[in-house]
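*Asks:* Take 2 as the starting number for the sequence shown in this note's numbering and just add one per residue.
Glycine residues also receive a C-beta, built at the ideal position from the N, C-alpha and C atoms.
What follows is a structure written as structure tokens; I'll ask about it next.
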Amino acid sequence: MTKFVFVTGGVVSSLGKGIASASLAAILESRGLQVTLIKLDPYINVDPGTMSPFQHGEVFVTDDGAETDLDLGHYERFVSTRMRKANNFTTGQIYKSVLEKERRGDYLGKTVQVIPHVTNEIQEFIRRGAGMGTTTEVDVAIVEIGGTVGDIESLPFLEAVRQMALKLGPNNSAFVHLTYVPFIQAAGELKTKPTQHTVQKMREIGIQPDALLCRADRKIPEDEAEKISLFTNVPRWGVISMPDVDSIYKVPRVLHEQGLDGLICDKLRLNTPPANLKRWDDLVHEVEHPRGEINIAMVGKYVDLSDSYKSLNEALRHAGLKNHVRVKIDYLDSETITPESVNQLSKFDAILVPGGFGKRGIEGKIAAARFAREHKLPYLGICLGMQVATIEYARDVAGLPGANSTEFEPTTPHPVIALITEWQDASGAIQTRTESSDLGGTMRLGAQSSDVAPGTLAHKIYGDVVTERHRHRYEANVKYLDQLRQAGLVISALTQREHLTEIVELPQDVHPWFMGVQFHPEFKSTPWDGHPLFNSFIYAACEHQASAQKTAVTKSLKAVA
Numbered sequence: 002m003t004k005f006v007f008v009t010g011g012v013v014s015s016l017g018k019g020i021a022s023a024s025l026a027a028i029l030e031s032r033g034l035q036v037t038l039i040k041l042d043p044y045i046n047v048d049p050g051t052m053s054p055f056q057h058g059e060v061f062v063t064d065d066g067a068e069t070d071l072d073l074g075h076y077e078r079f080v081s082t083r084m085r086k087a088n089n090f091t092t093g094q095i096y097k098s099v100l101e102k103e104r105r106g107d108y109l110g111k112t113v114q115v116i117p118h119v120t121n122e123i124q125e126f127i128r129r130g131a132g133m134g135t136t137t138e139v140d141v142a143i144v145e146i147g148g149t150v151g152d153i154e155s156l157p158f159l160e161a162v163r164q165m166a167l168k169l170g171p172n173n174s175a176f177v178h179l180t181y182v183p184f185i186q187a188a189g190e191l192k193t194k195p196t197q198h199t200v201q202k203m204r205e206i207g208i209q210p211d212a213l214l215c216r217a218d219r220k221i222p223e224d225e226a227e228k229i230s231l232f233t234n235v236p237r238w239g240v241i242s243m244p245d246v247d248s249i250y251k252v253p254r255v256l257h258e259q260g261l262d263g264l265i266c267d268k269l270r271l272n273t274p275p276a277n278l279k280r281w282d283d284l285v286h287e288v289e290h291p292r293g294e295i296n297i298a299m300v301g302k303y304v305d306l307s308d309s310y311k312s313l314n315e316a317l318r319h320a321g322l323k324n325h326v327r328v329k330i331d332y333l334d335s336e337t338i339t340p341e342s343v344n345q346l347s348k349f350d351a352i353l354v355p356g357g358f359g360k361r362g363i364e365g366k367i368a369a370a371r372f373a374r375e376h377k378l379p380y381l382g383i384c385l386g387m388q389v390a391t392i393e394y395a396r397d398v399a400g401l402p403g404a405n406s407t408e409f410e411p412t413t414p415h416p417v418i419a420l421i422t423e424w425q426d427a428s429g430a431i432q433t434r435t436e437s438s439d440l441g442g443t444m445r446l447g448a449q450s451s452d453v454a455p456g457t458l459a460h461k462i463y464g465d466v467v468t469e470r471h472r473h474r475y476e477a478n479v480k481y482l483d484q485l486r487q488a489g490l491v492i493s494a495l496t497q498r499e500h501l502t503e504i505v506e507l508p509q510d511v512h513p514w515f516m517g518v519q520f521h522p523e524f525k526s527t528p529w530d531g532h533p534l535f536n537s538f539i540y541a542a543c544e545h546q547a548s549a550q551k552t553a554v555t556k557s558l559k560a561v562a
């Protein structure tokens, strides 16, 4: 039977519950256990698909097409289990399901209430996420509850897991609470009172934490840990110091050295081999000992919040590890990139234009794509980044003035990018959309496969077939592909049924590395293997840097002579 670890957070948000949950899962997996993770989000949105990246950060997409919280990206990067729709649900999904049951008459005329109907539904969703009663049932499911203890919106979730722990019986569940221990500069000391209060709030609703993860900017001294233990009724060995670290990949070792995995295995009566964190130690060694550094310009629309591009950031760093270099990312607001200011991109080793929605900042992205093409800077365009590269090529090379996307310019004379109206999804079903369709959950989503043309850069990277995850509503217009090909643009991958453009590139005798992809490869990158596309991109950036340095030395020697 699956055993559960419920992870909650207190005092403030953004303490790192996702990283803590993923790290604990990684340690348990290293002990030979099969682990999955489930994220419960208390907001009323059905999913984060229509939420602004400035409010919620990136939307992570699973193979089966779920638009989910970015924490699922952490989960996939830390453990081998792949996430799916059942691994993330919201208050909106819960109430939607309850109301549908009420309309069908499933409750047999009863008054529908938060307890027991909503809390029972939450428990059912948790069991579904853990695969209970199916062939995918796991040994341990770690359930992360979003928000902060004390928020009114998360109360039904906390009540549901309290009930679930009671029903599961002794030694089948554990509670881990992430809290904050602030350092007061004026007093010169750490303060434990917020932690005492957040645990008090937990105990008021009937939950006694088995372990406290105490976040602080420094290690918690022994006397403060003893004090926290005394006032929260948590044994001393359950008070875990979780100081700031310079790499998230150090967290599993930090938690293991303080015995968190031992505590959980003891509580759940799990008899396992000792944890083996050698791969994590090797990873951290690689992070701390790069052989060089490269600079990447990320020209985006949501650069004020780096979490908007969380998986992209990690994918670039993973590729840096594979190439033994540190990747430094400069975030440039595409609204500030103009024909007059675009030359600032010359100082970078490569340019990446990420995805996004809406007209704002588009001309800046197009200018970045043109600069990379003309100056032979390695360029990777992802989703919208592929589309702006296509628009730029249509305008400046293929002789299609005013070319644009109907997303930005509905009356453009040359709609080289247009709304996709029909496609086959991952399950084989045919999906249709119009401009009046709902925005939520109506994009082309999830993993889909495409054939890759032999002799292309894409074929060197992927082989005959590419399978990647998608999240977009607009596509390269099939009617313009022949004109673009005649002008020299290589369409190196097309979907197998609709012949929709998946990858565009320039011939390598024209440009050393220029590629745009309609999908989101960053969602499949891991710290162990990186991702073949990003590995190749960073390698090209290293080659460009080496070539530029060699040219600079040659010019210097000539000047001296």
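#1: Using alpha carbons as the reference points, say which of R361, L322, I123, D247 lies closest to V300.
#2: Can you tell me where the beta strand (DSSP E) holding P244 begins and where it ends?
#3: Can you grab the Cα-Cα spacing for the pair T407 / I363, in whole Å?
#4: Pull up the CB-CB distance for L313 and P355, whole angstroms please, since I reckon it's below 8 Å.
#5: Following the continuous beta strand (DSSP E) through A217, name the residue where it begins and the one where it ends.
#6: Check each candidate in A27, S230, G93 and name the one with the smallest Cα separation from S81.
#7: By the DSSP assignment, the beta strand (DSSP E) with Q449 in it spans what residues?
#8: Please give me, in chain order, every unbroken run of the beta strand (DSSP E) with length at least 3 that falls completely inside the region 356-419.
#9: Leaving out five residues on either side along the sequence, give the residues of the same chain with a beta carbon under 6 Å from the beta carbon of Y481.
#10: Mind checking which residues open and close the beta strand (DSSP E) that includes G517?
#11: At the level of alpha carbons, what is the spacing between E469 and S450?
#12: Just checking my contact of V467 with T391 at CB under 8 Å: how many whole Å lie between their CB atoms?
#13: Closer than 8 Å by C-beta to C543: which residues in its own chain qualify, once you throw out the five before and the five after it? Chain order, please.
#14: Return helix, strand or coil for G58, following the three-state DSSP convention.
#15: In its own chain, which residues sit with a C-beta less than 6 Å from the C-beta of K4, not counting the 5 before and 5 after it?
#16: By how many angstroms is the C-alpha of I265 removed from the C-alpha of V115?
#17: From which residue to which residue does the alpha helix (DSSP H) around F158 run?
#18: How many whole angstroms separate the CB atoms of L179 and I221, which I take to be in contact at a CB cut-off of 8 Å?
#19: Per DSSP, M299 is paired with what?
#20: Considering only the alpha carbon of each residue, which of L73, D48, R32 lies closest to T527?
#21: Between M133 and the rest of its own chain, which residues show a CB-CB distance below 7 Å, the 5 nearest in sequence each way excluded?
#22: Which residue or residues does DSSP assign as beta-bridge partners of E145?
#23: Where V288 and A320 are concerned, what is the direct C-alpha to C-alpha distance, given to the nearest angstrom?
#24: Are the region 378-396 and the region 499-518 touching by the rule of at least three beta carbon pairs closer than 8 Å?
#25: Can you tell me whether DSSP reads E423 as helix, strand or coil?
#26: Hey, L317 and I330 are a contact pair by Cβ (cut 8 Å); roughly how many whole angstroms apart?
#27: Closest to F524 by C-alpha separation, out of F79, H460, Q164, D245, would be which residue?
#28: Around the C-beta of I185, are 16 or more other C-beta atoms found within 10 angstroms, so that it is buried, or is it exposed?
#29: How about D48 and T92: are their beta carbons less than 8 Å apart?
#30: Taking the alpha-carbon positions, what's the G110 to R104 distance?
#31: If you pair each beta-carbon of the region 56-66 with each one of the region 158-177, do three or more pairs fall below 8 Å?
#32: Could you pull out every residue in the same chain whose Cβ sits closer than 8 Å to the Cβ of H257, ignoring the five residues on either side in sequence?
#33: In the DSSP assignment, find the beta strand (DSSP E) that holds L261 and state where it starts and stops.
*Replies:* On the basis of the supplied data:
#1: R361
#2: 240-244
#3: 13 Å
#4: 6 Å
#5: 212-217
#6: A27
#7: 445-453
#8: 380-383
#9: V417
#10: 515-518
#11: 7 Å
#12: In fact, because the Cβ distance is near 18 Å, the residues do not count as touching under 8 Å.
#13: G293, I295, N324, V326, D350
#14: coil
#15: V141, N173, L269
#16: 31 Å
#17: 156-169
#18: No, L179 and I221 are not in contact; Cβ-Cβ is about 13 Å, not under 8 Å.
#19: Y332, L353
#20: L73
#21: T3
#22: V8, K40
#23: 11 Å
#24: yes
#25: In this prediction, E423 scores a pLDDT of 49, lower than 50, which makes its location untrustworthy; the coordinate-derived value is nonetheless stated afterwards. The answer is strand: DSSP assigns E423 an E or B state.
#26: 6 Å
#27: F79
#28: exposed
#29: no
#30: 10 Å
#31: no
#32: I28, A276, L278
#33: That residue, L261, is in no beta strand (DSSP E); its alpha helix (DSSP H) goes 261-268.
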